[in-house]
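In terms of my numbering, the sequence shown opens at residue 122 and continues consecutively.
Glycine included, C-beta positions come from ideal geometry on N, C-alpha and C.
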Amino acid sequence: MTITFYYSPQSSAGRIRLTLAELGVPHEAVRVDLRAGDQRKPEFLALNPNGQVPTLVIDGTPMFESVAIQIALGERYGVEKGLWPAPGSPEQLTALTWLVWGQVNLTSALFRYIKNTSDWFPKEQQDAKQAEAALTEARGLLRILDGRLDGRQYITGERCTLVDLDLASVLGWGLQAGKIDISELKSLKGWLGRIMERPAVKAVMAEG
122 MTITFYYSPQ SSAGRIRLTL AELGVPHEAV RVDLRAGDQR KPEFLALNPN
172 GQVPTLVIDG TPMFESVAIQ IALGERYGVE KGLWPAPGSP EQLTALTWLV
222 WGQVNLTSAL FRYIKNTSDW FPKEQQDAKQ AEAALTEARG LLRILDGRLD
272 GRQYITGERC TLVDLDLASV LGWGLQAGKI DISELKSLKG WLGRIMERPA
322 VKAVMAEG
């Protein structure tokens, strides 16, 4: 089994990087310099025609889209390690639901808010009304996540899974870039604190 992981810092590849660390899966990490245009080189486009990270190659088969990669890693390595529910179980249905929810809903709202407020993007392309609408949506979604975690340690119950790591990665990025306050969302704040204390998370954050 060979795995090659193509990534770039400060990108959606961060959640896959964290997952690989948590799973302890041996792999080769290849940094893609987006500013230099590495993602547009023919050899990279042959793996991912979108020219984006994360990209994973498992035994010669390329994968892209972080949700697909998370599911594949969870099914191959996570069940045995207790980081992914068994196939066909009620917990797996819950895990799949919240994993996709995080990407389709939460990430989208956070990105639209950040795109219209952050110094990362040109001021002339920003729209205050779009930023306000995205922030309102993001806050509503965070309340939904807080409600899910009320009375639970983790998304699927009492055990941390790759879904928790994925959502925490998205949320950590969104809070840092968007400066969104979650101090009143007690369940969400406590959950995020538990994730941040995991050794693999600390190790990845220390690496930068």
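Isoleucine 235, DSSP secondary structure in three states: Looking at isoleucine 235 - three-state DSSP - the assignment turns out to be helix.
Give the DSSP bridge partners of phenylalanine 126, in chain order. Beta-bridge pairing links phenylalanine 126 to Ala150 and Leu177.
Is the region 255 to 274 touching the region 177 to 188, taking contact as three or more C-beta pairs under 8 Å? They do not touch, by the three-pair rule.
Count the other C-beta atoms from every protein chain shown that fall within 10 angstroms of the C-beta of arginine 332, then say buried if there are 16 or more, exposed otherwise. Only positions 122 to 329 of the chain appear in the structure, and residue 332 is not among them; the question remains open.
Using 8 Å as the cut-off, can you tell me whether the region 250 to 257 makes contact with the region 313 to 320, which would need three or more C-beta pairs spanning the two stretches below that distance? The region 250 to 257 vs the region 313 to 320: no contact.
Just curious, the alpha helix (DSSP H) that phenylalanine 165 is in, first and last residue? Where phenylalanine 165 is concerned, the enclosing alpha helix (DSSP H) stretches over 163 to 166.
Going by DSSP, what residue range makes up the beta strand (DSSP E) through proline 183? It spans 182 to 185 - the beta strand (DSSP E) in which proline 183 sits, taken as one unbroken run.
Short Cβ contact (7 Å threshold) for glycine 199 with leucine 283: Taking C-beta atoms as the reference points, glycine 199 and leucine 283 count as a pair closer than 7 Å.
Going by C-alpha distance, which of Glu196, Thr228, Thr123 and Ser229 is nearest glutamine 213? Checking every option, the nearest Cα to that of glutamine 213 belongs to Glu196.
From this set, Pro163, Met122, Arg152 and Tyr234, which residue's C-alpha is nearest threonine 182's C-alpha? Shortest Cα-Cα distance from threonine 182 to any of Pro163, Met122, Arg152 and Tyr234 involves Met122.
Count the C-beta pairs between the region 282 to 296 and the region 135 to 153 that are closer than 8 Å, then say yes if the count reaches three, no if not. Contact holds: three or more Cβ-Cβ distances are below 8 Å.
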